[in-house]
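157 is the number that the numbering used here gives to position 101 of the sequence shown; each next residue is one higher, with no gaps.
Cβ coordinates follow ideal geometry from the N, Cα and C atoms, glycine included.
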Amino acid sequence: MIETEQRERSASTTAARLTRLAGWSLIAIAALHTAVFIPQAPWGDWIDGSLRSAEADMESVAVFWALPGGIVVPGALAGALLIRSAGLGTRFGLGVSLALAAWVSACLWLIGPSGFMFLYVTAGLLAAAAVADRRRR
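This is the structure:
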C-alpha cells in the first residue's frame, strides 16, 4: 500500500475567529442558564438523595434537568472544544451549524420562546465561519 501525504487545509483566520466566538457564546449561554436556575436549585435535597428515592417533587426534578442534568455542562464543554478547535485551525462544515439550528428550532417548537433562542447566535457564528472558510478556497 502506498502512503501519500494528505495535507488538510486549516481554517481561515476569520473562520477561526468566528468559531472561537461561537465557543465563547456557548460558555456564556451555559453561565447565564446557571445564573437563572441556580437560585431555585434544592442542592441539599438532591445530595440527601431525594432524586434517587423518588421523593422529589416535579419542580425539583425539572430544576435538576435544567442544571447539572441538562445542557449546562455539555454546552460549556462544547464551547471549550470549539475554542480549542479554533486555535488548532479545525474546520467545521455548514452542516454543524445547520444541525444545531434545527435542534434549537425543534426545542423552541416544543416549549415556545425561551433561552434556547440564544443558541441561534452560536449556530449563526458557526455558519458564518463555514461560509468565510468556503470563500477562502
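- Query: Near Ala155, what residues of its chain come up, given a Cβ to Cβ distance below 8 Å and the 5 sequence neighbours on each side ignored?
  - Reply: none
- Item | Straight-line gap, Leu166 to Leu175 (C-alpha atoms, nearest Å) | 15 Å
- Query: For Ala186 versus Ala72, is the C-beta spacing smaller than 9 Å?
  - Reply: no
- Query: Taking just the CA atoms, how far does Ser116 sit from Pro98?
  - Reply: 7 Å
- Asp101, DSSP secondary structure in three states: helix
- Message: Helix, strand or coil for Phe148? Go by DSSP, reduced to three states.
- Response: coil
- Message: How far does the alpha helix (DSSP H) with Glu115 in it extend, from its first residue to its last?
- Response: Met114 to Ala122
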